[in-house]
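Chemist:
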Amino acid sequence: MKPFTVLALALFLAPAAHAQHETFTVNPDASEVSIQLNTTHEVVNGTFHLQSGSVTFDRAAHQISGLVIVVAGSGKTGNDLRDKKMNKDILKVDQYTTVSFAPKAYSGVIAPSGDSTIQVSGTFSLLGTEHDVTIPMQIHIAGSTATAKAQFVVPYVQWGLKNPSFLFWKADNDVAINLALAGSVSK
Numbered sequence: 005m006k007p008f009t010v011l012a013l014a015l016f017l018a019p020a021a022h023a024q025h026e027t028f029t030v031n032p033d034a035s036e037v038s039i040q041l042n043t044t045h046e047v048v049n050g051t052f053h054l055q056s057g058s059v060t061f062d063r064a065a066h067q068i069s070g071l072v073i074v075v076a077g078s079g080k081t082g083n084d085l086r087d088k089k090m091n092k093d094i095l096k097v098d099q100y101t102t103v104s105f106a107p108k109a110y111s112g113v114i115a116p117s118g119d120s121t122i123q124v125s126g127t128f129s130l131l132g133t134e135h136d137v138t139i140p141m142q143i144h145i146a147g148s149t150a151t152a153k154a155q156f157v158v159p160y161v162q163w164g165l166k167n168p169s170f171l172f173w174k175a176d177n178d179v180a181i182n183l184a185l186a187g188s189v190s191k
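FYI, the numbering for the sequence shown is 5 to 191, going by the numbering used here.
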């Protein structure tokens, strides 16, 4: 190979060599998705089961992609009748079995270890419709383990879901989501 060809090839491949793609693989059994819905008579708390999650990111290029999937019919609020109504009438789990978030971009810096705070933008899919959201996340990386935590509000009525209010029991039109993901990071 001629020296010029070798130099050109080295310059062309240099960005790929510096790419630091890492994958955060979520452990569903160590993760939790919880909700909080304010009503006139009580605060309804519930949890949902995470089905899977895998997010690939590149610190140098500030790129992120992946998918976090929650089982829609797994919600538990401590009241079987309320859960049945939530599954059938609000989440329509017979038709829409999952709720998901697909990150598309992030701002901020993900430190190689320790704590980081970033803003993750992406699409939140609910009842088969995608909604653009930006979620603040706190990341903690320690060796090959990582956690990601987020608190955000979903305007579920604005997004087309039914409000569960009836008679004198009124529910807010927004639900607070607490996300606590735990898993491993690999290159």
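Note that CB positions come from ideal geometry on N, CA and C, so glycine has one too.
For the beta strand (DSSP E) containing Leu131, list its first residue and its last residue.
Modeler: From DSSP, Leu131 is part of no beta strand (DSSP E); its letter is neither H nor E.
Chemist: Does DSSP put Lys92 in a helix, in a strand, or in coil?
Modeler: In the structure shown, Lys92 sits in a helix (DSSP, three-state: H, G or I).
Chemist: Where does Asp62 sit, in a helix, a strand or coil, going by DSSP?
Modeler: In the structure shown, Asp62 sits in a strand (DSSP, three-state: E or B).
Chemist: May I have the straight-line CA-CA distance separating Lys92 from Asp98, to the nearest angstrom?
Modeler: About 7 angstroms.
Chemist: Per DSSP, Phe28 is paired with what?
Modeler: Paired residues: Val59 and Val189.
Chemist: Using 10 angstroms around the beta-carbon of Pro140, count the other beta-carbons present and answer buried if the total reaches 16, otherwise exposed.
Modeler: With fewer than 16 other Cβ atoms within 10 Å, it is exposed.
Chemist: Quick one: complete beta strand (DSSP E) runs, 3+ long, within the region 139-178?
Modeler: Listed in chain order, the complete beta strand (DSSP E) runs (minimum 3 residues) inside the region 139-178 are 149-158.
Chemist: Can you tell me whether Val47 is buried or exposed? The criterion is at least 16 other CB atoms within 10 Å of its CB, across all chains shown.
Modeler: It counts as exposed.
Chemist: Which of the three DSSP states is assigned to Gly82 in this structure?
Modeler: The answer is coil: DSSP assigns Gly82 none of H, G, I, E or B.
Chemist: Assuming Val37 and Thr51 are in contact, meaning their beta carbons sit under 8 angstroms apart, how far apart are those beta carbons, in whole angstroms?
Modeler: Confirmed, Cβ separation roughly 7 angstroms.
Chemist: Going by Cα to Cα distance, which pick from Val161, Leu183, Val157 and Ile122 is closest to Ser35?
Modeler: When only C-alpha atoms are compared, the closest one is Leu183.
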